[in-house]
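Asker:
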Amino acid sequence: MLYGTERSWRKYWLLALLLAWALLLFGGFALGTGGLPEHRMPTWTRMASSGALVALAWSQWTFARRERSGSFALLLAVGVTFGLAGDLILAGLLPGGRNVLAGIAAFGLGHVCYIGAVVRWSGRAGLDSARARWTAVSAWLAVGAVAWYLVVFRGQEAGVLHWAALPYALLLSGTAGVATGLAVQARAYAPMAVGAALFLASDLILAAQLFNDVDFRLIGDVIWLTYGPGQMLIVTAAGVARRRSAAWRSGRIDPQPAKV
């Protein structure tokens, strides 16, 4: 997922950040003693793992900013930064305490950036088949709408948060849709599509907890063990784009693949 053509010190720096993320997330789960039935991971390891992804994303942009894939890396970096803001808000670590609507807004802005990144890059990469994109987006929007109804709306007295969750669910589904449309045309982007699906799954578990009082042992860790890898797979798509740009320059692949 990271750059095979990168200068060695840059490649090692990116790998170090990825390793730091994995140690903080999975190590926090394996070694954590949160003392609560819903999670083992300490808050600081969860927040620090998100911080490591932000550092990774901005490092990728720094290395790619003058290249064809620079804008793709930039939008992914901005998106994951909004994700970190959402994490801090939902953890109650920012001024004003925990605010679910503000957290939804932060994550939503991040997904606007992700969708913009994929749509813009699809055009530049010649992976802009309307049939592939809109078939995938339509399918994922249907999944998001049904999931919202089953997890958030059904059997509830709908309030502001319930209705705010609908456009948010559709936005996350839209990210999964555009990423899937990209992956259908170039399998190298399949991890990004999996990442977007994991992000949506994580949020559905969180929504079930918030709106339907769903609870089971280590639910908080399950949320983070789907959310964290989801974000990582989205962010590291910048490396895939850069590798393909290098392949175009060398003539190893066609910069304008056949439309699906």
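Numbering-wise (our numbering), the sequence shown opens with residue 275 and increments by one.
C-beta: ideal position from N, C-alpha, C; glycine also.
Small disclaimer: the values here were computed from a predicted structure and weren't measured.
Can you tell me which residues form a DSSP beta bridge with H385?
Answerer: Position 111 of the sequence shown, counted from the start, is the residue given in the question as residue 385. Its beta-bridge partners do not exist; DSSP assigns none.
Asker: For V354, I'd like the list of residues in its chain whose CB is within less than 7 Å of its CB, leaving aside the five on either flank, ordered along the chain.
Answerer: For this step, residue 354 is matched to residue 80 along the sequence shown. For V354, where only same-chain residues beyond five positions count, the Cβ hits under 7 Å are L327, V328, A331, G384, Q505 and V509.
Asker: Taking 8 Å as the cut-off, decide whether the C-beta atoms of F381 and F356 are in contact.
Answerer: Here residue 381 is taken as the residue at index 107 of the sequence shown, counted from 1. Here residue 356 is taken as the residue at index 82 of the sequence shown, counted from 1. A contact, by the Cβ cut-off of 8 Å.
Asker: DSSP three-state call for L327: helix, strand or coil?
Answerer: The residue given as residue 327 occupies position 53 in the sequence shown. It is helical.
Asker: Return helix, strand or coil for L499, following the three-state DSSP convention.
Answerer: Walking along the sequence shown from the start, residue 499 turns up at place 225. Residue state, collapsed to three classes: helix.
Asker: If we call anything under 8 Å between Cβ atoms a contact, is V425 one with N373?
Answerer: If you number the sequence shown from 1, residue 425 lands on position 151. If you number the sequence shown from 1, residue 373 lands on position 99. Going by C-beta atoms, V425 is not nearer than 8 Å to N373.
Asker: Output the distance between the C-alpha atoms of A475 and Y501, rounded to the nearest integer angstrom.
Answerer: Here residue 475 is taken as the residue at index 201 of the sequence shown, counted from 1. Here residue 501 is taken as the residue at index 227 of the sequence shown, counted from 1. Rounded to the nearest angstrom, the two C-alpha atoms are 8 Å apart.
Asker: Taking one C-beta from the stretch 441-458 and one from the stretch 411-424 each time, how about it: are there three or more such pairs within less than 8 Å?
Answerer: Taking 8 Å as the limit for Cβ pairs, the verdict is that the stretch 411-424 does touch the stretch 441-458.
Asker: Expressed to the nearest angstrom, what Euclidean distance is found between the alpha-carbon atoms of S282 and S333?
Answerer: Mapped onto the sequence shown, residue 282 falls at position 8. Mapped onto the sequence shown, residue 333 falls at position 59. Rounded to the nearest angstrom, the two C-alpha atoms are 14 Å apart.
Asker: Helix, strand or coil: which one does DSSP assign to L293?
Answerer: Walking along the sequence shown from the start, residue 293 turns up at place 19. Of the three classes helix, strand and coil, the one that applies to L293 here is helix, per DSSP.
Asker: Who pairs with L358 in a beta bridge, going by DSSP?
Answerer: Reading the sequence shown from its first residue, position 84 is the one you call residue 358. None, per the DSSP bridge assignment.
Asker: Whose C-alpha, out of I497, R461 and P503, is nearest the C-alpha of L480?
Answerer: As a working note, residue 480 is residue 206 in the sequence shown. Here the closest residue by C-alpha is I497.
Asker: Helix, strand or coil, according to DSSP, for L492 in the structure here?
Answerer: The residue given as residue 492 occupies position 218 in the sequence shown. In the structure shown, L492 sits in coil (DSSP, three-state: anything other than H, G, I, E or B).
Asker: Which same chain residues, not among the five before or five after G325, have their C-beta less than 7 Å away from its C-beta?
Answerer: The sequence position of residue 325 within the sequence shown is 51, counting from 1. L358.
Asker: Just grab the DSSP bridge partners of L310 for me.
Answerer: To locate residue 310, count along the sequence shown from 1; it is residue 36. L310 pairs with H313.
Asker: Cα-Cα, which of D361, L348, L375 and G455 is closest to G400?
Answerer: In the sequence shown, counting from the first residue as 1, residue 400 sits at position 126. Nearest of D361, L348, L375 and G455 to G400, Cα basis: G455.
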